[in-house]
Amino acid sequence: MGNKFFKFEFLLFLAVFTIATCGLVYELVAGTLASYLLGDSVKQFSFIIGVYLFSMGVGSYFSKFIRNKLLNTFIEIEILVGVIGGLSSTVLFVLFESVYYFQFILYLFVFTTGCLVGLEIPLLMNILKDRVKFRNLVSNVFTFDYIGALLASILFPLVLVPQLGLVRTSLFFGMINISIAIGLSFILTSELKKPLFLKIKAIASFVILLVAFIFSENILSYSESKLYGENIVYTHSTPYQRIVLTHVKNDYKLYLNNNLQFSSADEYRYHETLVHPAMSIAKKAENILVLGGGDGLAVREILKYPEVKKVTLVDLDEGMTKLFMTNKVLLDFNKSSLQNEKVTVVNSDAYLWLKQCNQKFDVVIIDFPDPSNYSLGKLYTLNFYRTLNQCVTTEGVVIIQTTSPYFAPKSFWCINETVKQAIPNADALHVYVPSFGEWGFTIAAKNPQTSFSEVNRKVKGLRFYDYDFEKLNDFSKDMKISQVEINKLNNQILVRYFDEEWSKL
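Quick note on numbering: the UniProt record's numbering labels position 269 of the sequence shown as 269, and the sequence is numbered without any gaps.
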């Protein structure tokens with residue numbers, strides 16, 4: 001008898017562990033997916049976790065109204081959590097381009113999943129209250145619950161997203177949920193009412209998720225083809241972003257988390273303006289640092305100067321740099337620049353790497369993603385630029401992509417003014433890139449006497465930049481802002497500016 005009770009108790013605690021792990025994974029998937037599709041990852045994650053926790057409270061409250069068939073209800077909820085949570089990312093990807101009220105559906109999934117998870121623990125405690133001492137019951141339930149949550153939070157960024165992607169991750173954990181339900185319905189048959197019906201439902205649900213898992217790449221390709229409206233030739237999920245490469249006629253486009261990174265038709269305008277003004281005015285151009293720019297396109301431009309002896313590229317995402325070192329199409333774009341013997345690729349957080357840097361660089365090219373969240377916003381702070389300044393030679397030059405002065409003038413001039421606080425000899429320039437519109441840059445020189453119109457070296461064969469800095473330094477009235485705050489680590493005003501300006505488009 002004791003062994004039977006032990007088995008009964010253990011199985012239910014295992015179910016709590018599973019539902020805690022799976023429930024958190026579903027919410028992490030929803031938050032990541034929302035940040036991919038809707039932008040502003042901090043806000044999306046905050047809202048989703050808040051709604052999830054609130055809905056768990058709602059589920060816990062309504063659990064007191066369930067008084068009959070507790071074990072049956074527990075297993076049915078396990079099945080429901082598996083089906084709803086497992087299919088959530090698939091449904092959301094498919095519906096993103098098809099429905100107007102996408103966010104309502106997103107939060108409906110979050111709320112429903114949270115309610116069901118919130119029902120589970122009170123139900124379990126009611127089931128076991130006459131079989132386990134109350135002190136042990138509470139302790140064990142919450143131990144399994146919290147350990148499950150910890151496991152999910154560790155596995156999600158390190159294993160699940162890199163290996164399975166978002167869609168397969170939620171489907172996989174849905175199948176785990178339902179596997180537990182199947183195990184309970186078979187092992188605890190004598191404790192259940194109408195166990196056959198419960199077994200059929202559990203097995204049928206598992207089969208549905210298994211089929212969706214097998215065909216998940218087809219489903220994702222279908223949804224992404226609708227989203228981008230272009231032929232998708234490559235997709236890959238890394239721990240940091242979803243990479244999608246599309247092809248229409250002679251134009252290849254790279255998207256990171258649904259944001260256009262470059263178009264092969266006009267990227268030369270952007271990258272020539274990013275690289276050549278700084279390379280041409282620097283007194284020396286032997287040791288070059290590139291922060292971001294994992295596509296190797298900026299490095300391609302740098303290597304056109306024979307004077308260059310060493311290029312160090314620091315990019316967080318190893319998946320990105322590996323892609324641009326191995327994909328044949330992309331190797332044509334960057335001219336195999338990342339495989340050049342002069343180039344060293346470092347996969348690290350640029351913020352942390354720079355603090356430990358003990359080198360001095362003649363030119364620094366910064367090509368970070370736009371400051372759409374606080375983790376990126378730290379790379380545009382006064383603290384970061386002051387640290388950077390310590391790694392620049394006395395005659396060194398820095399240039400930074402600084403978003404659009406037309407669509408986001410507050411953001412643009414905020415970065416410019418922040419740079420000036422660290423490196424006072426700084427100025428701004430902009431270029432029209434058809435795929436993006438007007439795009440801006442900030443250039444700064446450590447020597448106060450350095451002139452941005454001075455040209456110390458040139459290379460032939462450029463398609464756009466003609467070494468006339470003044471042409472790109474003229475800003476019309478609609479691209480100017482009279483007053484902005486400095487972006488500091490403790491205020492991150494830039495992220496607020498950016499969200500305010502780009503959310504209008």
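Each residue gets a CB set at the ideal place from its N, CA and C atoms; glycine is no exception.
All figures in this text were calculated on a predicted structure; none of them were measured in a lab.
Residue i at chain D interface by Cβ criterion, 7 Å
i      : result
Leu158 : Of the protein chains in this structure there is only one, and it is not chain D.
Burial state of residue i, where buried means 16 or more other Cβ atoms lie within 10 Å
i           : result
Glu78       : buried
Pro409      : buried
Ile399      : buried
Glu267      : buried
residue 506 : Given a span of 1 to 505 for the chain in the structure shown, any question on residue 506 remains unanswerable.
Ala15       : buried
Phe436      : buried
Glu454      : exposed
Leu505      : exposed
Lys355      : exposed
Asn491      : exposed
Ile154      : exposed
Gln390      : exposed
Val207      : exposed
Gln163      : exposed
Val117      : buried
Gly2        : Bear in mind that the predicted position of Gly2 carries a pLDDT of just 45, short of 50, making it unreliable; the figure below should be weighed with that in mind. Counting Cβ neighbours within 10 Å, Gly2 comes out exposed, since fewer than 16 surround it.
Phe10       : exposed
Tyr61       : exposed
Arg242      : buried
Cutoff 7 Å; reference residue i; Cβ partners in own chain excluding five residues on either side
i           : result
Phe156      : Val25, Leu28
Val459      : Lys304, Tyr305
residue 509 : Look at the range of the chain in this structure, 1 to 505, and you will see that residue 509 is not part of it.
Glu318      : Asn347
Tyr380      : Pro371, Ile415, Thr418, Asn487, Leu494
Trp439      : Tyr270, Ser404, His430, Val431, Val433
Ala285      : Met279, Tyr305, Glu307, Val308, Asp362, Val363, Arg457
Identified DSSP bridge partners for residue i
i           : result
Tyr252      : His247
Thr312      : Leu289, Thr344
Gly437      : Val433
Phe361      : Val392
Val397      : Val363, Ala445
residue 507 : The question about residue 507 has no answer, for the chain in this structure spans 1 to 505.
His236      : Ile243
Phe54       : Paired residue(s): none; Phe54 is not in a bridge.
Asn259      : Leu256
Asn72       : Per DSSP, none; premise fails for Asn72.
Asn231      : His247
Cα-Cα separation between residue i and residue j, rounded to whole angstroms
i           : j      : result
Thr321      : Ile486 : 32 Å
Cys414      : Val346 : 29 Å
Asn250      : Ser179 : 48 Å
Thr238      : Leu137 : 40 Å
Val159      : Asp349 : 19 Å
Val329      : Pro122 : 55 Å
Pro405      : Phe96  : 30 Å
Tyr467      : Gly165 : 44 Å
Ser205      : Gln401 : 49 Å
Ile366      : Gly377 : 14 Å
Leu489      : Tyr374 : 9 Å
Val141      : Leu80  : 21 Å
Lys64       : Cys115 : 13 Å
Val110      : Ile219 : 21 Å
Ala278      : Leu291 : 14 Å
Ile127      : Ser139 : 15 Å
Val99       : Ile48  : 20 Å
Ile176      : Gly86  : 9 Å
Arg131      : Phe13  : 13 Å
Ala152      : Asn258 : 25 Å
Val167      : Val484 : 41 Å
Glu470      : Val275 : 16 Å
Tyr252      : Tyr465 : 22 Å
residue 508 : Ala202 : What the structure shows of the chain is the stretch from 1 to 505, and residue 508 is not part of that stretch, so it cannot be assessed.
Gln44       : Leu150 : 21 Å
Close beta carbons around residue i, own chain, < 8 Å, minus the five adjacent residues each side
i      : result
Phe134 : none
Asn334 : Asp295, Gly296, Leu297, Val299, Arg300, Phe324
Asn340 : Val299, Leu303, Val311
Phe361 : Asn287, Ile288, Leu289, Thr312, Cys391, Val392, Thr393, Gly396
Glu501 : Phe407, Ala408, Pro409, Lys410, Ser411
Thr344 : Lys310, Val311, Thr312, Leu313
Sequence-distant residues of its chain with Cβ nearer than 6 Å to residue i (five each side left out)
i      : result
Thr418 : Leu382, Ile486, Asn487
Met479 : Pro405, Tyr406, Pro409
Ser55  : Phe111, Gly114, Cys115
Given 8 Å as the limit, is there contact between the segment 187-198 and the segment 88-103, that is, 3 or more CB pairs closer than that?
-> no
For the segment 383-395 and the segment 435-452, state whether three or more C-beta atom pairs, one from each stretch, are separated by less than 8 Å.
-> yes
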